[in-house]
Amino acid sequence: MKKIIAFLFVIAIYSHGFAQDVSSGPEFRKHRFGLKGTPGVSYFTMGKNGSKNKGLGYHLSGGLNYEYCLNKSTAIATGILFSQTSGGVSYTDSVGLEFSWTSGGQKLSDNAFMLLSRRYVFNSVDIPLKLKFRAAEVGYFTYYAEFGATANIITKAITKKNDVIMNSGELQTTISENEGKFDANDETRFYRGAVNVGAGVEWNLVGNTSLLLGANANIPFTNLLTKESGSISYMSGSDFTRATKLNYISLQIGIQF
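Below, the structure written as structure tokens:
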């Protein structure tokens, strides 16, 4: 993360120093604000054997966008977004699950003989830091590309759709206790870091107001789940270890002022 920020800083200084002549005029705005939403799809990548990604999840986020323009073609983009992202895991190793919940103020627990699959849902506060490069305006359209990093601060994590075999010899079932949802904060890291790459177009509507349309890939360089789970273990009793990263690809839809 530090290397990415240092790289962005060097590029920003370089761009600022070699484009001073286009940083003035009635169309140039030093500060730009906006609102943005990013619907998309998500998936896990596994760094160790024993589990694999199960299908596509969803990514939904929305919040405020801010750009500090170095010149007409280069800006530092950041903001704050509130997001929810899901992902599914299926287990190729034979592992069991211990789960607990609270009912009527009393903590209850149970064990499943074998965990087959489950789905995670994460809520987070996202802070991107990107360099945005804009081409010259063509008609009402300005095309752009951006590169940087995103820091996700995880505020809540749960699991649901826990498919299990409760006892040896029984059929597959889905855990229904606690409406099928269980706290996963203890097995989720507080922070997720990712490389952020995107491109799109700004469509000038009127004056300083533009519609923002784009696509973005968010590729993690940190694991999201902890190396060991306190609730998942092998039948022998040994710990189940993992290296799980959460990726997402999203559309960017917003308005810039």
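One rule links them: number in the numbering used here = place in the sequence shown (from 1) + 116.
Idealized CB from N, CA, C, for every residue including glycine.
Model, not experiment: these values are computed from the prediction.
Among all the DSSP beta bridges, which residues are the ones paired with residue i?
| i | result |
| --- | --- |
| Asp242 | Leu197, Asn268 |
| Phe263 | Leu247, Val313 |
| Arg234 | Val205 |
| Asn227 | Glu214 |
| Thr190 | Phe249 |
Using beta carbons (cut-off 8 Å, strictly below), is residue i in contact with chain B?
| i | result |
| --- | --- |
| Ser202 | Absent from the structure: chain B. Only one protein chain is present. |
Would you tell me roughly how many angstroms separate the C-alpha atoms of residue i and residue j, rounded to the nearest one?
| i | j | result |
| --- | --- | --- |
| Ile243 | Leu287 | 44 Å |
| Leu232 | Gly370 | 40 Å |
| Phe263 | Asp299 | 34 Å |
| His175 | Asn312 | 15 Å |
| Thr289 | Ser158 | 25 Å |
| Leu71 | Leu328 | This structure cannot settle anything about residue 71, because the visible part of the chain is limited to 117 through 373. |
| Phe238 | Gln368 | 20 Å |
| Glu318 | Gln372 | 8 Å |
| Phe229 | Phe215 | 11 Å |
Would a C-beta distance cut-off of 8 Å place residue i and residue j closer than the cut-off?
| i | j | result |
| --- | --- | --- |
| Ser349 | Gly212 | yes |
| Gly150 | Asn169 | no |
| Ser240 | Tyr207 | no |
Taking the beta carbon of residue i as the centre, do at least 16 other beta carbons fall within 10 Å, making it buried, or is it exposed?
| i | result |
| --- | --- |
| Ser347 | buried |
| Gly203 | buried |
| Asn187 | buried |
| Tyr364 | buried |
| Phe257 | exposed |
Self-check item: beta strand (DSSP E) runs contained entirely in the region 316 to 370, provided each spans 3 or more residues
Solution: 325 to 336, 344 to 350, 355 to 357
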